[in-house]
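Protein chains: 2
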Amino acid sequence: MENARLASKKRSTRKEAGRASGRTQVTIHEIAREAGVSIATVSRTLNAPEKVRPQTRERILAIVRDRHYVSDALAVSLVSRRSGTIGVIIPTIIYSIYAGFIHSIQKACGEAGYTVLTGITEYSDTLEDEIVTRLLERRVDGLVLTGVSRGAGIYHKIRNLGVPFVTTWHVSKNPDIPSVSFDNYAASMDAMQHLYSLGHRRIALICGKSDRNDRAFERRRAYCDFLRRKRIGSNAELMEERDFEFSEGEAAMRKILRVEPRPSAVFCANDILAVGAMHACRDLGVAVPADMSIMGFDDHPVTEHVTPPLTTIRVPADSMGKEATRSLLRAIDTGKPPASKVLRTDVVVRDSTAPTGKRRTRRKAS
Amino acid sequence: MENARLASKKRSTRKEAGRASGRTQVTIHEIAREAGVSIATVSRTLNAPEKVRPQTRERILAIVRDRHYVSDALAVSLVSRRSGTIGVIIPTIIYSIYAGFIHSIQKACGEAGYTVLTGITEYSDTLEDEIVTRLLERRVDGLVLTGVSRGAGIYHKIRNLGVPFVTTWHVSKNPDIPSVSFDNYAASMDAMQHLYSLGHRRIALICGKSDRNDRAFERRRAYCDFLRRKRIGSNAELMEERDFEFSEGEAAMRKILRVEPRPSAVFCANDILAVGAMHACRDLGVAVPADMSIMGFDDHPVTEHVTPPLTTIRVPADSMGKEATRSLLRAIDTGKPPASKVLRTDVVVRDSTAPTGKRRTRRKAS
DNA sequence: CGACAAAATGAAAACGTTTACATTGCGGAT
DNA sequence: ATCCGCAATGTAAACGTTTTCATTTTGTCG
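Those protein sequences? They're chains A and B, same order as listed.
Numbered according to our numbering, the first sequence terminates at residue 1286, and the numbering increases by one at each position without gaps.
Numbered according to our numbering, the second sequence terminates at residue 1286, and the numbering increases by one at each position without gaps.
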């Protein structure tokens, strides 16, 4: 009612062309014109209400509500030189290893008034480069990266624009590259120690592709180092590098089960591969943990609910997201580089690992 | 070398203040100045290279590379009146039911040159409202929503800015609200029919909170209608509404297992609850599927790998994401409202459901 | 009632692009 | 030589804000 009257009283002086296409944006100018004030006053009403006379303020606010004014964050960003967005880059969203991580970042950012732009690289360097460029074009105020190893070109690009960033899921040795993470190497050592102390000596490895994934690389390195330190030594036959898929874990396990002598345990460097491996054992009648101990990594929510529940490494995905965000936002505020942090991991012992003594002797399947 | 010479020859006229804070943005103006051309020519070089003389073009491009120029998408958006972003709103990212969906949207958007802004509502209406507002401020070119039922206020807000949107995961009856989805009701009917045709008559339900989740509502409605149609009728004791957590499915199942006479099957309206329910059965020594058939919904990737593999409803999460994006992008291009679409679902029969005949008689646990 | 400080408001410049329109320069047709 | 047309380039106005500085209004005190 009211707004109809006002609208007819004051005719729009702006071009009416957009009308037809339905894209009539209500701007601060329109509000100002209707209220009979300048745009500065409207802006102040919205951002610093105490600076405008209550009477004027109320009149303006009424019109703002009436016309469903929504400010244009793009224009604001342009002048304020802050986009209010944070870019986050993860390798994959499927299987939700990164879901909790992303969620905690989104939450922390939301609370601080930031919006999150997520990029998914699918473990591809070229895609990552493209995505980073796009985020930088969008003038993200900060960047959360997964892993540390990547072409120097990307870091150069980011640095060149002075955009603060933190890496995660991998502790950085380079002081120029801040990281908020847990120690993959140490955690994997713990995992191996767990298997070792159960009496396992012949231990297989199923991990991600270590050439394009530094988390996989570190976990594999720990596996090899551990075996070397225990004077066992690693064996190429017992090491499988696979893509991040249930079916790959399954295939890797099938292959390992054909090796003679058969190992008594397998360290899967992520839970997805571990669940796939368990599936293979079930299909082939290999009892877990009696015939084969399986150790996972990540503490994916579902590992508690598979049969048997999986022994794994709990990684602080949520707190890592939260801490990385805090560190990044503080860096944005202060102008200093983000603080690094190393978070702890835990071995979560469930039912997929058991002492070697319990092992049943069994004919080879093939 | 070359740029050092050029840089020293022409001193910067822009304010040098930002230098110290590290936020020296290389603009089109700088490039233009260094190349000795106008900004228009630089802009043309970048966006319509054929319009500028090869010689000039190469000179400009060299400087662009040299100075690591990155265009400011915000400024571009402001003048082009297109942000190049799509907003996507989902209730949760944990447990990855929506992961494939999000991923396919991101992929389709990426290919079309759009960036995705994701919002997570945690099943909260007020949070959804807040997130939508924030996305609208960011001037998203389109919006993908999950579910249809929400306060009219949100739709009003979106419509008011003329932003095209599609809803997903729920077929809309309202012609003003386009949806690209599958039919939860029909799919649930299929699920019930599957159990019924195996001989099950006493069937329990574990579903999400139907008051704030229209997918849960529809699935529950189908459950009730099916039983009514078969003249069985539903029973409040056998219907549990739970939050989206493994542990909730577990608790619900425990409760249902105490009901006398015990049902022979349970329809879980999502896989997360189903896996939780299976866990409860395992803990209590209830054999699945011999003593209890469990039917899931969603075909979460892990359902294939739990023990026993879960019978479930395959929903077209990926193609829904892709189709919704296509429909939305076309709407953005044409200015017409997005086209609706109904996608098919399938019953995926695995090992968690079996005919009632196989049922072993067993003492009550308590 | 006048003066003056404080409060309220306005004008205009910036933010970094794109683009319509204007200008320039050049080759070829007359 | 003159003119035309076209290609190449430049000028300047947008886009929707915030913010500095100037100006006007208000209120207070002597």
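We put the beta carbon where it would ideally sit given N, CA and C, even for glycine.
Might you give, ordered along the chain, the residues of its own chain that have their beta carbon closer than 6 angstroms to the beta carbon of residue i, omitting 5 neighbours on each side?
{"i": "G938 (chain B)", "result": "For G938 (chain B), the predicted model reports a pLDDT of 31, less than 50, meaning its position is unreliable; a value from the coordinates is still stated below. Correct list, in chain order: T944."}
{"i": "F1021 (chain B)", "result": "A1237 and G1241"}
{"i": "C1201 (chain A)", "result": "V1208 and M1212"}
{"i": "L926 (chain B)", "result": "Confidence in L926 (chain B) is poor, its pLDDT being 29 and thus under 50, which makes the residue's placement too unreliable to answer from."}
{"i": "V1052 (chain A)", "result": "I1074"}
{"i": "H1225 (chain A)", "result": "none"}
{"i": "E1170 (chain B)", "result": "G1196, H1199 and A1200"}
{"i": "R1174 (chain B)", "result": "A1200"}
{"i": "G1119 (chain A)", "result": "P1275 and T1276"}
{"i": "A1172 (chain A)", "result": "I1126, E1160 and R1162"}
{"i": "P1181 (chain A)", "result": "none"}
What span of residues does the beta strand (DSSP E) with residue i cover, start to end?
{"i": "V1268 (chain A)", "result": "D1266 to V1268"}
{"i": "T1005 (chain A)", "result": "T1005 to I1010"}
{"i": "M1212 (chain A)", "result": "Note, M1212 (chain A): premise wrong, no beta strand (DSSP E); not H, not E."}
Give every residue of the same chain whose Cβ lies closer than 7 angstroms to the Cβ of residue i, excluding the five residues on either side of it in the sequence, and list them in chain order.
{"i": "R1058 (chain B)", "result": "S1003, T1005 and L1037"}
{"i": "V1267 (chain A)", "result": "D1110, A1111, H1114 and I1233"}
{"i": "I1252 (chain A)", "result": "D1061, G1062 and P1084"}
{"i": "I1152 (chain A)", "result": "R1121"}
{"i": "P969 (chain A)", "result": "R977"}
{"i": "L1081 (chain B)", "result": "L1056"}
Just to confirm my understanding: we take residue i, look at its own chain, exclude 5 residues before and 5 after, and list those with CB closer than 8 angstroms. What are they?
{"i": "A1106 (chain A)", "result": "A1142 and T1265"}
{"i": "S1239 (chain A)", "result": "S1024 and L1263"}
{"i": "E1048 (chain B)", "result": "I1009, G1039, T1041, R1070 and I1074"}
{"i": "L981 (chain B)", "result": "T965"}
With DSSP collapsed to three states, give me the class of residue i.
{"i": "V1086 (chain B)", "result": "strand"}
{"i": "V1036 (chain A)", "result": "strand"}
{"i": "S1099 (chain A)", "result": "strand"}
{"i": "T1273 (chain A)", "result": "coil"}
{"i": "G1062 (chain B)", "result": "strand"}
{"i": "G942 (chain B)", "result": "Unreliable positioning characterises G942 (chain B) in this predicted model, as indicated by a pLDDT of 46, which lies under 50. The coordinate reading is nonetheless provided below. It is coil, neither helix nor strand."}
{"i": "K1261 (chain B)", "result": "strand"}
{"i": "E1180 (chain A)", "result": "coil"}
{"i": "L1193 (chain B)", "result": "helix"}
{"i": "D1145 (chain B)", "result": "helix"}
{"i": "V962 (chain A)", "result": "helix"}
{"i": "H1199 (chain A)", "result": "helix"}
{"i": "N967 (chain B)", "result": "helix"}
{"i": "A905 (chain B)", "result": "As shown, chain B starts at 921 and ends at 1286. That puts residue 905 (chain B) outside it, with no answer to give."}
{"i": "L926 (chain A)", "result": "Low per-residue confidence applies at L926 (chain A): pLDDT is 29, beneath 50, and the placement is therefore not dependable, though the value from the model is reported in the following sentence. Helix at L926 (chain A)."}
{"i": "L1118 (chain B)", "result": "coil"}
{"i": "T1223 (chain B)", "result": "helix"}
{"i": "I1252 (chain A)", "result": "helix"}
{"i": "V990 (chain B)", "result": "coil"}
{"i": "S1108 (chain A)", "result": "helix"}
{"i": "V1068 (chain B)", "result": "coil"}
Taking residue i as part of the alpha helix (DSSP H), name the residues at either end of that continuous run.
{"i": "F1166 (chain B)", "result": "F1166 to L1177"}
{"i": "R953 (chain A)", "result": "I948 to A955"}
{"i": "K1093 (chain A)", "result": "Note, K1093 (chain A): premise wrong, no alpha helix (DSSP H); not H, not E."}
{"i": "I1152 (chain A)", "result": "That residue, I1152 (chain A), is in no alpha helix (DSSP H); it is neither H nor E in DSSP."}
{"i": "V984 (chain B)", "result": "P974 to D986"}
{"i": "A1019 (chain B)", "result": "A1019 to E1031"}
{"i": "Y1043 (chain A)", "result": "Premise fails: Y1043 (chain A) is in no alpha helix (DSSP H) and is neither H nor E."}
{"i": "L998 (chain B)", "result": "A993 to S1000"}
{"i": "E1078 (chain B)", "result": "The sequence shown places Ile at residue 1078 (chain B), not Glu. Note, I1078 (chain B): alpha helix (DSSP H), A1072 to N1080."}
{"i": "N1133 (chain A)", "result": "N1133 (chain A) -> no alpha helix (DSSP H), and no H or E assigned at all."}
DSSP puts residue i in a beta bridge; with which residues?
{"i": "E1160 (chain B)", "result": "B:I1126"}
{"i": "A1185 (chain A)", "result": "A:I1123 and A:S1213"}
{"i": "S1234 (chain B)", "result": "The sequence given here places Arg at residue 1234 (chain B); Ser does not occur at that position. For R1234 (chain B), which the question treats as bridged, DSSP gives the partners B:D1218 and B:D1266."}
Is residue i near the ligand FAD, with its Cβ less than 7 angstroms from a heavy atom?
{"i": "R979 (chain B)", "result": "Among the components of this structure there are no ligands whatsoever, and the ligand FAD is therefore not found."}
Is it the case that the segment 1087-1107 of chain A contacts the segment 1239-1250 of chain A, given that we only count it when at least three CB pairs across the two stretches are under 8 angstroms?
yes
contact_flag[the segment 1147-1163 of chain A, the segment 1212-1223 of chain A] where n(CB pairs < 8 angstroms) is 3 or more:
no
Should the segment 1171-1191 of chain B be regarded as contacting the segment 1161-1172 of chain A, the criterion being three or more beta carbon pairs within less than 8 angstroms?
no
Evaluate the contact criterion for the segment 1269-1279 of chain A versus the segment 1222-1231 of chain A: three or more CB pairs, one atom per stretch, below 8 angstroms.
yes
Tell me whether the segment 1081-1090 of chain A and the segment 1062-1070 of chain A touch, counting them as touching only if at least three CB pairs, one residue from each stretch, are closer than 8 angstroms.
yes
Sufficient close CB pairs (3 or more, under 8 angstroms) joining the segment 1171-1189 of chain A to the segment 1114-1131 of chain A
yes
Assess, as a yes-or-no matter, whether the segment 985-1002 of chain A is touched by the segment 987-997 of chain B under the definition of 3 or more beta carbon pairs within less than 8 angstroms.
yes
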